[in-house]
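Data block below; observations after.
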Amino acid sequence: MTYPQGAVRAFQYGLGIFALTAIIGLTNATKIIGDVNRDTLLTHLHSGTLGWITMGVFGLALALFGRNGSTVGPNVLLSALATAAYVLAFWSGNFYARALFGVVMLATIFGWWAWVLYRASAQGYGRLTNPQLSIVLGLTTLVIGSTLGVIVQILYATNNLNDQNAVLIGAHASAQVGGYLILVAAGVAEWILNPGGGRTRGGEIQSWLLFLAGLTLAIGFLANVQPLLIVSNVLQLVGIIMVAVRLGGRVLGAAWGAPTGARHAAITIPFMALGLVLLIALVQMTIAAQGDFSKVPPGFINALNHTMFVGLSTNMLFGAVLTLLADRPRVWPWADHVIFLGLNIGAASFIAVLIFVGTSAGSSPFSHPVAFTAPIMGLSVLLAIVTYEMRLAGAPAPMRVPAPA
Ligand code: HEM
Ligand code: HEM
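Using the numbering used here, the first residue of the sequence shown is number 1343, and each one after it goes up by one.
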């Protein structure tokens, strides 16, 4: 199997948009211009989740479902433009622009989902590999979560968002973070760590458990049904234990000192376990607060978010980029160790500060420990963007992946 050129393009665009995420993150961490405003925070958030993570997932969908190097699939440039437009609409603060471009973004996501479903059905459910099944179910959750997001956007634009329907925001965020991201990361980590692996009963059960965990979490928050939240935690726990058992040997045996994608894929598993502990704690806190999200400390939510966005998803995507480029000459070979160590030491220390000290919101420049931890992560991300962009620019089309998926 070969990597289609579209996958290379998707990573190039995704990394480009990720630069904005990192720059806003660095500004917000150091507080050199004080706290950034809500519109800018939402830009930071969705440039990361849609611009970087989801563009990368589109690239992975092409790699996993494309026909041996063919670029046939949804248009990558148009997808990147739709994403950039939506991210800028968040920054503009204009609710009409957000609603309009939110619909365009949802249509783009829907197009990718439909294409993946079409390719999967042509292949046959029984013949999907474990990573392919994770992508099919992950994109399904993404469609559901993004539909909720667009509904919120339309409620804002029509001035109809109120205390009752604001729960849609929590349902939107939990479907995406607790469902989509975990499912995709589990599948892609397996693809990188076990390249020749096909379909197993364990992998199939794991994917369905993680899928149902995301759905029950979102419905539980939406309808404020506490037993459903507990069910979600149990499904998630069993699903992630299955990931750990199935991939544990490969994680421990990964070449941690080698500058390949394997160590980035391997480290997603401890971050997934941490994310699970934080998700269970979040459910306990919201139950104690009778569903009132505002009582959960913001630092805690930010710790959970960065565990999922950086520790889990960014490591997964860096692992995929390095695997894609495995047999290419390495521009700046020294950068690989700096990126791996900086990203992970930075993320772990930033997350620990958010949990134990709390949010940096409202602090003055360089006065909060976030200012000394988050930049390690942010500068490593910027180094990765420059390094990987240079390497991707030299990638011939189509490229080989190490083994059939
Ligand atoms: C078409 C796609 C999407 C749309 C239309 C959308 C829309 C929205 C809207 C309207 C909000 C509320 C903003 C506010 O508070 O004013 C929001 C918040 C959020 N979104 Fe999205 N979003 C999308 C994709 C994603 C993705 C892919 C992720 C994660 C992987 C994500 C994660 C979040 C999170 C964590 C929040 C913050 C919730 C909170 O306030 O705690 N979104 N989104
Ligand atoms: C995919 C990547 C990322 C996503 C999706 C993301 C998302 C978020 C979200 C949702 C928030 C909370 C905003 C709010 O208060 O409503 C936030 C805050 C923050 N982010 Fe990120 N982020 C990402 C990467 C980064 C990076 C690379 C840095 C590097 C410096 C960073 C630094 C920060 C900082 C310092 C805060 C404020 C935390 C606090 O003190 O409470 N983020 N981010």
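Glycine included, every Cβ here is placed at the ideal spot set by N, Cα and C.
Within the same chain, Ala-1513, Val-1567, Leu-1570 come within 8 Å of Ile-1561 by CB-CB distance, once the 5 residues on both sides are set aside.
The nearest non-hydrogen atom of ligand 2 is less than 7 Å from the C-beta of Phe-1651. Within 7 Å of the C-beta of Ser-1709 there is not a single heavy atom belonging to ligand 2. Counting along the chain, the unbroken alpha helix (DSSP H) around Met-1584 starts and ends at 1568–1594. In terms of side-chain proximity, the C-beta atom of Ile-1511 is found nearer than 7 Å to a non-hydrogen atom of ligand 1.
Ranked by how close their Cα comes to the Cα of Leu-1490, the residues Leu-1557, Ile-1374, Ala-1352, Leu-1357 have Leu-1557 in first place. The criterion of a C-beta distance shorter than 8 Å is not satisfied by Ser-1476 and Val-1418. Excluding residues up to 5 positions away in sequence, Pro-1639, Gly-1641 lie with their Cβ nearer than 7 Å to the Cβ of Gly-1700 in the same chain.
Not one heavy atom of ligand 2 sits closer than 7 Å to the Cβ of Ser-1691. In the structure shown, Ile-1611 falls within a helical segment according to DSSP collapsed to helix, strand and coil. For Thr-1372 against His-1386, the beta-carbon gap comes to about 14 Å, at or over 8 Å, which does not count as contact. Residues close to ligand 1 by the beta carbon criterion (under 5 Å to any non-hydrogen atom) are, from first to last along the chain, Thr-1391, Gly-1444, Met-1447, Leu-1448, Ser-1488, Gly-1491, Val-1492, Val-1494, Gln-1495, Ile-1511, Ala-1515, Gln-1518.
For the pair of segments examined, the segment 1444–1459 was found to touch the segment 1485–1501: the number of CB pairs separated by less than 8 Å reaches three. Using a 10 angstroms sphere on the CB of Tyr-1522, the tally of other CB atoms reaches 16 or more, which defines it as buried. Under the three-state reduction of DSSP, Ile-1374 is assigned to strand. Secondary structure note for Leu-1724: its alpha helix (DSSP H) is the uninterrupted segment 1712–1735.
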